[in-house]
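Trainee:
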Amino acid sequence: MRFVDEFRDAEQARALAAKIAALCEPGRQYKFMEVCGGHTHTIYKHGLEDYLPESINLVHGPGCPVCVIPMGRIDDAMHLAAREDVIMTSFGDMLRVPGSNGSFFDAKARGTDIRMVYSPLDSLKIARQNPDKQVVFMAIGFETTAPSTAMTMLRARAEGLKNFSVFCNHVTIVPAIKAILDSPDLRLDGFLGPGHVSTVIGCRPYEFIAREYGKPVVTAGFEPLDILRSIYMLMVQLAEGRCEVENQYSRVVPWDGNLVALKAIGETMELRPYFEWRGLGFISHSAMKVREKYAEMDAELLFKVPGVRVADPKACQCGEVLKGVLKPWECKVFGTACTPETPIGTCMVSPEGACAAYYNYGRMERHRVPVTIGERP
Numbered sequence: 000m001r002f003v004d005e006f007r008d009a010e011q012a013r014a015l016a017a018k019i020a021a022l023c024e025p026g027r028q029y030k031f032m033e034v035c036g037g038h039t040h041t042i043y044k045h046g047l048e049d050y051l052p053e054s055i056n057l058v059h060g061p062g063c064p065v066c067v068i069p070m071g072r073i074d075d076a077m078h079l080a081a082r083e084d085v086i087m088t089s090f091g092d093m094l095r096v097p098g099s100n101g102s103f104f105d106a107k108a109r110g111t112d113i114r115m116v117y118s119p120l121d122s123l124k125i126a127r128q129n130p131d132k133q134v135v136f137m138a139i140g141f142e143t144t145a146p147s148t149a150m151t152m153l154r155a156r157a158e159g160l161k162n163f164s165v166f167c168n169h170v171t172i173v174p175a176i177k178a179i180l181d182s183p184d185l186r187l188d189g190f191l192g193p194g195h196v197s198t199v200i201g202c203r204p205y206e207f208i209a210r211e212y213g214k215p216v217v218t219a220g221f222e223p224l225d226i227l228r229s230i231y232m233l234m235v236q237l238a239e240g241r242c243e244v245e246n247q248y249s250r251v252v253p254w255d256g257n258l259v260a261l262k263a264i265g266e267t268m269e270l271r272p273y274f275e276w277r278g279l280g281f282i283s284h285s286a287m288k289v290r291e292k293y294a295e296m297d298a299e300l301l302f303k304v305p306g307v308r309v310a311d312p313k314a315c316q317c318g319e320v321l322k323g324v325l326k327p328w329e330c331k332v333f334g335t336a337c338t339p340e341t342p343i344g345t346c347m348v349s350p351e352g353a354c355a356a357y358y359n360y361g362r363m364e365r366h367r368v369p370v371t372i373g374e375r376p
């Protein structure tokens, strides 16, 4: 297939649904986690759960980069942004994430100089235009966005820019998946592996999931047929008694990852001993910081950062949603006190957040699509 509409063909979706249903064992329940928030939005935008048998349940994982940032890190960033000599730059999806004293939008309304950028390279342009200011880039994301931060740091050094730094909040996906697997709250039958992250790290890092935990993994693309095909591949593995890592998204994801991107990350960043995740707590070696040899671009070293810890609002259950323990609509403030316009938790803010997906696409219940067993593509 070469064109987008070919990945959204309803007849092929029904045929895949029939093949999935035929593989279901009577009386058995299946629970698969889609790690990536992009998958969650595709599932609910296109109503893919309606194509699946009742015995297959999809739960949402911690693969939304904005959702996993704890409130304390937002407060630290707000502290940096409040300095008169600082211009804070950030991706747009961070602007409405609430800290304990409001969001970047709220701070901007109070006069703080916070600017939205589409790329960290935009921050370099702002730094060149404002040599009397310190420009701090709020770096967030999994390994997907870390290469762009790394390349920007390399460019800044090559140009000799002295007024650019990074407040690094990049996280890594594998320790988060391991924390989910070690959690007593959830029992899973398999994973839809994250497509975006895998374009950088490849599929090989997931082999421990099959080897040590006995769970199959299929790295999935983001179109409706990608996801249904990936679920079918998981069901085939379970039916055949196999447990492997497979790559459905091979048109984009190389098995060993993007070696150039990985080299850039390794040059500029290293793992932190510990980092706090919203809903998952502290996870060892699960996030990145700026390497010592790039200390002149490490905002945490250049400026005094409080490093505070802030408890999530008691009413918010983002942590349980991120771990796949709750569906978003089971949170007691979902769609009432917590909406995209007035978010309490990060899962309602981010364009990849599970709560935003449920709210935007009205997925409160499952309406079945009739499927004929044996229907062919």
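Numbering-wise (numbering that gives the first Met the number 0), the sequence shown opens with residue 0 and increments by one. Where a beta carbon is used, it is the ideal one built from N, C-alpha and C, also for glycine.
Determine the DSSP secondary structure at C35, reduced to helix, strand or coil.
Mentor: Of the three classes helix, strand and coil, the one that applies to C35 here is strand, per DSSP.
Trainee: Let me confirm a value: N129 is counted as buried when at least 16 other C-beta atoms fall within 10 Å, else exposed. Which label applies?
Mentor: Looking at its Cβ environment, which holds fewer than 16 other Cβ atoms inside 10 Å, N129 is exposed.
Trainee: Note down, in chain order, each residue of its chain lying with its Cβ closer than 8 Å to the Cβ of R154, except the 5 sequence neighbours on either side.
Mentor: Around R154: L120, L123.
Trainee: Have a look at the DSSP bridge pairing and note the partners of V244.
Mentor: Answer is V216, bridged to V244.
Trainee: On a Cα-Cα basis, can you pick out the residue from R13, E24, M70 that is closest to L47?
Mentor: Per the Cα distances, R13.
Trainee: Pick helix, strand or coil for I372, following the three-state DSSP scheme.
Mentor: Here the model assigns I372 a pLDDT of 44, short of 50, so the residue's position is not dependable, and the following value carries that caveat. Coil.
Trainee: Can you tell me whether DSSP reads V324 as helix, strand or coil?
Mentor: Residue state, collapsed to three classes: coil.
Trainee: Per DSSP, what are the beta-bridge partners of Y273 in this structure?
Mentor: Answer is S283, bridged to Y273.
Trainee: Could you tell me whether the region 270 to 277 touches the region 240 to 255, where touching means 3 or more Cβ pairs closer than 8 Å?
Mentor: These segments do not touch.
Trainee: Does the Cβ-Cβ distance between L408 and C66 come in under 7 Å?
Mentor: Residue numbering for the chain in the displayed model covers 0 to 376; residue 408 lies beyond these limits and cannot be assessed.
Trainee: Between which two residues does the beta strand (DSSP E) holding Q133 run?
Mentor: Where Q133 is concerned, the enclosing beta strand (DSSP E) stretches over 133 to 140.
Trainee: Comparing alpha-carbon positions, which option in G192, I73, D112, V196 lies nearest A138?
Mentor: For the residues G192, I73, D112, V196, the minimum Cα distance to A138 belongs to I73.
Trainee: Quick check on Y205: buried or exposed, where buried means 16 or more other Cβ atoms within 10 Å of its Cβ?
Mentor: The residue in question, Y205, is buried, as its Cβ has 16 or more Cβ neighbours within 10 Å.
Trainee: Buried or exposed for R241, please, with buried defined as at least 16 other CB atoms from any protein chain shown within 10 angstroms of its CB.
Mentor: Exposed: under 16 other Cβ atoms inside 10 Å.
Trainee: Kindly indicate which residue of A20, L301, S285 has the alpha-carbon position closest to the one of Q28.
Mentor: Nearest of A20, L301, S285 to Q28, Cα basis: A20.
Trainee: From the DSSP output, in three-state form, read off K288 for me.
Mentor: Looking at K288 - three-state DSSP - the assignment turns out to be strand.
Trainee: From this set, H195, L191, V196, which residue's C-alpha is nearest I208's C-alpha?
Mentor: Ranking H195, L191, V196 by Cα distance to I208 puts L191 first.
Trainee: Considering only the beta carbon of each residue, do M232 and E245 sit closer than 7 Å?
Mentor: Yes. Within cutoff.
Trainee: Quick one: complete alpha helix (DSSP H) runs, 4+ long, within the region 52 to 116?
Mentor: Whole alpha helix (DSSP H) segments, 4+ residues: 70 to 80, 103 to 108.
Trainee: Quick one: residues in its chain with C-beta nearer than 6 Å to the C-beta of C330, no 5 flanking neighbours on either side, listed in chain order?
Mentor: Q316.
Trainee: Under DSSP, the beta strand (DSSP E) around A191 begins and ends at which residues?
Mentor: Per the sequence shown, residue 191 should be read as Leu rather than Ala. From DSSP, the beta strand (DSSP E) with L191 extends over 189 to 192.
Trainee: Can you name the residues that DSSP bridges to M268?
Mentor: Looking at the DSSP assignment, M268 forms a beta bridge with V289.
Trainee: Determine whether the beta carbon atoms of V116 and F166 lie at a separation below 7 Å.
Mentor: Cβ atoms of V116 and F166: not closer than 7 Å.
Trainee: Compute the Euclidean distance between the alpha carbons of F2 and A81, then round it to the nearest angstrom.
Mentor: Roughly 47 Å between the two C-alpha positions.
Trainee: Among M70, R203, H284, T151, which one has its Cα closest to the Cα of C346?
Mentor: Nearest C-alpha to C346: M70.
Trainee: At the level of alpha carbons, what is the spacing between Q11 and L224?
Mentor: Near 8 Å, if we compare the C-alpha coordinates of L224 and Q11.
Trainee: Hey, how far is the Cα of G189 from the Cα of F163?
Mentor: Going from the Cα of G189 to the Cα of F163 covers about 42 Å.
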